[in-house]
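S.K.: Quick one: structure below, then a few questions.
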Amino acid sequence: MSSLKLDRVGLPESSEALRTEVRGFLEANRDSLPHPNSDFSSGHDPEFSAKLGAQGWIGMTWPKAYGGGERTFFDRYVVTEELLAAGAPVSAHWIADRQSGPLLLRFGSEAQRAEYLPAIARGESYFSIGMSEPNTGSDLASVRTAARKVDGGWVINGTKIWTTDAHRNHFMITLVRTEPGSERHAGLSQLIVDLRNDGAQVRPIRNMSGGEDFNEVVFVDVFVPDDRVVGEPGNGWQQVTSELAYERSGPERFLSAFRVFVELVRAVGDNPTDSELAAVGRIAAQLMTLRRMSVSVAGMLEAGKEVAVEAALVKELGNNFEKLMPDMARLAASDRRSSAFRRCYEETMLLSPSFTLRGGTREILRGVIARGLGLR
Amino acid sequence: MSEQRDLIVDTAERLFGDLVDKAMLDSAERGDWQQGLHASLVENGFHELGSAGSGTGADELFAFLEVAGQHAAPLPLADTLIANAWLGTIEGASGIGEVDGDVVRDVPWGRAVRRVVGITQGSREVVVITAPEVVRQGANMAGEPRDDIALTADAQRLQVPVDPGHWLALSRVALMAGGLRSALAQAIRYATEREQFGRPISKFQAIQHTLAVMAAEVAAAGRAADAAVSAVGSEREEAELAAAKSRCGEAVAVVAEAAHQVHGAIGFTHEHRLHHTTRRLWAWRDEFGNEVAWQRKLGAIVVAQGADGVWDFVTSGR
C-alpha cells in the first residue's frame, strides 16, 4: 500500500532565480497574453512557443544532445506554473513538451529522437495524443483503430476522437491495434502520424463554450512508414500507461481557474467583508496546499521515485478544486459589481466540465488511488 | 525527513501502539488519569521534545503530536510539550487554556496536571499557575477533560518566545493530521474484512471511491500540516498555519463522515474504537480557531497583497 505521504519538498534557490527570469520575460511579452484564464488549452500561439523555445524553456529536462536543457524537474515546474498563472498561450507546444517528448526519449529510436526532439525543444513542432475513440474512452484497452502491416510500413483504419489541437498540430502519437485479433492490453502499438501529410481527415468539434479545440481524426487506409513506430510493436500499452504519470500531477491540474481567484480578490478590493475574507482564505488554503502537493510530486519525480498514485491524488484534488472554486468565488462576489470577474468566471465555468474528464476521468483516477490503497 | 525525526516518530509509533487500547480510551473518557502511559512517555523523555537542551525543536515536537493524534493518546501531550518548550522548566504534565476574566478556560486535564498555563490570543504574555484549582470540570465532544481553572493572584506572568495562539492551533493541526490518517486506516481495514454480498465490501467500486476520496483528503491535510510546521518562526508562520487549520478542518468534515459510512452501524456503537478518533477530530477542528476563523485571517493576508500580488504570495511559500 502506498504511504500517501507526500515528501516535504521545497523548490531550490536556483529555481527561484529562474522564476524571476520567467517573470521578466512575461512582463516583456505582455502583448502575447490576451488570455484571461490560465487554462492550458486556451491559447495556441506558435510565435510565443518559439520564443519559449529560444529561452530554453521547452524540453528543459532532456539531454542537450536532443536540444534539451538538462535541467531539473523543479526548474521545469517553476516555468510551467509561471506561464499558467500568467495565462500565457502555451497550448501549441504543451503536449509535445510534457508528454510526447519524454515518451520518445524513453521508448523512441535514436533516429526518432534526433528527428523530433530538437524541433519540439525549439518550440516549432507540436504533438497531439491519439488515445480516445468513439467507443473507447476510459476503457482505453478497448481501442479498435487498427494498423495492418504492409511492405515498408503500416496502413491505419479507424477513428480517434477528442484529439486536442489535431487541426493545428504537426503530429499525433496514435495508439492502434497492430496484431489482428488481439485483445485488451496485448497487440497495441504507438505510431507517429504526420497530421499534415499522411492523409488523415481532421474535423474540429465545437465544444459547449463555443471553442474548437478538440477533433475527430478519421483514418481511411492511411499509410505510415516503419520508422514511425514508437518502441517495439505490441508494447503500446506499457508505453501509454507510463506516459500518463507525466500528465497527471503538474500545475495545469489545479491552475485552470486561477484567474477567477485573482479577479475575486480584485473585486473584493480594500474593503472586504468578513464573509468575503473567509471565502478568499478558504480558496487560498486549498490552492496553497495543492501547490505544495504538486511540488512534492515534482521532487519525487526528480528523485526517480514511482509517483503514479501520488500523481492521481494531485489530479483528483486539483481537478475538483478548479471545478468547484469558480462557484465558491461566484457566491463570494455576490455583492460586487465587476465585469472582469464576471467575464473570467463565465469563461472558466463553461470550460469546467472538461477539467475532471481530460487526462483521466475522476472515476478512473479514484480507481488508481484505490489500487494504491491495496483495494484492487 | 530528518533521521532524528524519523526515529522519534518510529519510537512513538511503537509505544502508543503497544499501550493505547480501547480499554485505556474508555477509562480516560471516564476522567481517569492514565498514569501508566504518562510514566512511559516521561521515562522515554518525550515530554522534553522541543525544549531547550533536548536537541530537538518544533519539528520533532509537532511530528510527535501527529503520532499522538493518530493513536488518540488520552493525555494532555500538546500542552505538556508546548509548556515545557515555552517556559524552559520541565514538568511531567501541563494544561494550557485561554484566560477569560478570573479563570483559565477549557484546560485539558486541568484536574490532573501540576501546572496550568493561561494564554491570551495575540499576546506573548502568559500566566503560569503551579497549584491549579478546578472551578468547573468539563469535557470536549470527544470526552477529553477540559476544565476551568481559577486564575489566582499569585499566578506568575511570563513572556514566551513565540506566539502562543499559533502554537496551540498548530498542535491541533498536527493532532488532526494524525487522527485523519487513523480514520482512513481504520476504514480500509474494516472494508477489507467486512463481507457482504459474498465478498469484502472493499471490492465494491462505490466503497473504493469513498476510500480514494478520503485518501486524497488525508494526503492534503498531511502536506498542509507539514508546511505549517516548517514555517514555524518564519514570516509565513501565520499564513501557513491558517491554511493548514482550514485545510485540515475541511478534511475532517469529509473523512470522519466517510469513515463512519464505511463502518456502518458497528462504527456508531460506543463499543467500537472509531469514535475515539472521529469525535476527537470534530473537537480539534474547533479548538483554537475553526476553519472560518483562520480563513478570515488568511483572507486578510491575501487581500492585503492586492489582486496582482496573489500569485507572488502563493509562490513565496517554500
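So the sequences go chain by chain: L and F. Following numbering that gives the first Met the number 0 from start to finish, the first sequence increments by one per residue and tops out at 375. Following numbering that gives the first Met the number 0 from start to finish, the second sequence increments by one per residue and tops out at 317. No residue lacks a Cβ here, since even glycine has one placed at the ideal position from N, Cα and C. Only a predicted model underlies this, so the values are computations on that prediction, with no experimental measurement involved.
Using the Cα positions of Arg104/F and Gly366/L, report the straight-line distance between them to the nearest angstrom.
M.R.: 47 Å
S.K.: Specify the secondary structure class of Asn214/L as computed by DSSP and reduced to three states.
M.R.: DSSP, read as helix, strand or coil, puts Asn214/L in strand.
S.K.: Return the Cβ separation of Gly320/F and Glu97/F in integer angstroms, given the expectation that the two are a contact with Cβ distance under 8 Å.
M.R.: Nothing can be reported for residue 320/F: it is not among the residues displayed for chain F, which extend from 0 to 317.
S.K.: Output yes or no for whether 7 Å exceeds the beta carbon distance between Gly377/L and Lys148/L.
M.R.: Any answer about residue 377/L is impossible in this case: the structure gives chain L only from 0 up to 375.
S.K.: Does the Cβ-Cβ distance between Gln294/F and Ser229/F come in under 7 Å?
M.R.: no
S.K.: Suppose contacts are defined by Cβ-Cβ distances below 7 Å. Is Leu374/L in contact with Ser181/F by that definition?
M.R.: no
S.K.: Taking Ala72/F and Ser50/F to be in contact with their CB atoms under 8 Å, please state how far apart those CB atoms are, rounded to whole angstroms.
M.R.: About 19 Å; that fails the 8 Å criterion.
S.K.: By how many angstroms is the C-alpha of Val302/F removed from the C-alpha of Gly268/L?
M.R.: 7 Å
S.K.: From the DSSP secondary-structure annotation, give me the bridge partner or partners of Met171/L.
M.R.: Ser127/L, Val192/L
S.K.: Can you check whether the C-beta of Arg156/F is within less than 7 Å of a C-beta belonging to chain L?
M.R.: no
S.K.: Using beta carbons (cut-off 7 Å, strictly below), is Ile368/L in contact with chain F?
M.R.: So, interface residue.
S.K.: Output the residue ranges of the alpha helix (DSSP H) runs that lie fully inside the segment 204 to 265 of chain L and measure 4 residues or longer, sorted by chain position.
M.R.: 235 to 247
S.K.: Examine chain L for any beta-carbon lying closer than 7 Å to the beta-carbon of Leu210/F, and answer yes or no.
M.R.: yes
S.K.: Which ranges does the beta strand (DSSP E) cover as unbroken runs of at least 3 residues, wholly within the segment 66 to 145 of chain L, from first to last along the chain?
M.R.: Complete beta strand (DSSP E) runs here, min 3: 126 to 129.
S.K.: Are Gly94/F and Asp78/F touching if we call contact CB-CB under 7 Å?
M.R.: Result yes, Cβ atoms of Gly94/F and Asp78/F sit closer than 7 Å.
S.K.: Quick one: residues in its chain with C-beta nearer than 7 Å to the C-beta of Gln158/F, no 5 flanking neighbours on either side, listed in chain order?
M.R.: Arg123, Glu124
S.K.: When you compare the CB of Pro11/L with every CB in chain F, is at least one pair closer than 7 Å?
M.R.: no
S.K.: When DSSP labels each residue in this structure, what does Asp30/L get in the three-state scheme?
M.R.: Three-state result, Asp30/L: helix.
S.K.: Taking only beta-carbon positions, decide if Leu297/F is within less than 7 Å of chain L.
M.R.: yes
S.K.: For a test of the three-state rule: what should DSSP assign to Lys296/F, helix, strand or coil?
M.R.: Here Lys296/F sits in helix by DSSP.
S.K.: DSSP state of Trp153/L, grouped into three classes?
M.R.: strand
S.K.: Between which two residues does the alpha helix (DSSP H) containing Pro376/L stretch?
M.R.: Since the first residue of chain L shown is 0 and the last is 375, residue 376/L is not available in this structure.
S.K.: In its own chain, which residues sit with a C-beta less than 7 Å from the C-beta of Asp44/L, not counting the 5 before and 5 after it?
M.R.: Ser31, Pro88, Ala91
S.K.: Answer with buried or exposed for Arg278/F, where buried requires no fewer than 16 other C-beta atoms within 10 angstroms of its C-beta.
M.R.: buried
S.K.: Excluding the five sequence neighbours on either side, which residues of its own chain have a C-beta within less than 7 Å of the C-beta of Gly55/L, listed in chain order?
M.R.: Gly68
S.K.: Tell me Val98/F's beta-bridge partners as DSSP assigns them.
M.R.: Val103/F
S.K.: In chain C, which residues lie less than 9 Å from Thr314/F when you measure between Cβ atoms?
M.R.: Among the protein chains of the structure shown, namely L and F, there is no chain C.
S.K.: Are the C-beta atoms of Val264/L and some chain F residue less than 7 Å apart?
M.R.: yes
S.K.: Does the segment 164 to 172 of chain L touch the segment 211 to 218 of chain L, meaning 3 or more C-beta pairs lie closer than 8 Å?
M.R.: yes
S.K.: Whose C-alpha, out of Ile57/L, Gly66/L, Ser131/L, Leu103/L, is nearest the C-alpha of Thr79/L?
M.R.: If we check each option's Cα against that of Thr79/L, Ile57/L comes out closest.
S.K.: Output yes or no for whether 7 Å exceeds the beta carbon distance between Ala266/L and Arg335/L.
M.R.: With contacts defined as CB atoms closer than 7 Å, Ala266/L and Arg335/L qualify as a contacting pair.
S.K.: Thinking C-alpha only, which one of Ala241/F, Ala214/F, Gly197/F is nearest Leu167/F?
M.R.: Ala241/F
S.K.: Give me, in chain order, the residues of the same chain whose beta-carbon lies closer than 6 Å to that of Ile300/F; leave out the 5 immediate sequence neighbours on both sides.
M.R.: Ala238
S.K.: Roughly how many angstroms lie between the CA atoms of Met327/L and Ser1/F, to the nearest whole one?
M.R.: Spanning the two alpha carbons is a distance of roughly 39 Å.
S.K.: Under a Cβ-count criterion, where at least 16 other Cβ atoms within 10 Å of its own Cβ denotes burial, should Asn318/L be classed as buried or exposed?
M.R.: buried
S.K.: By the 10 Å Cβ neighbour count, where 16 or more other Cβ atoms means buried, how is Arg281/L classified, buried or exposed?
M.R.: buried
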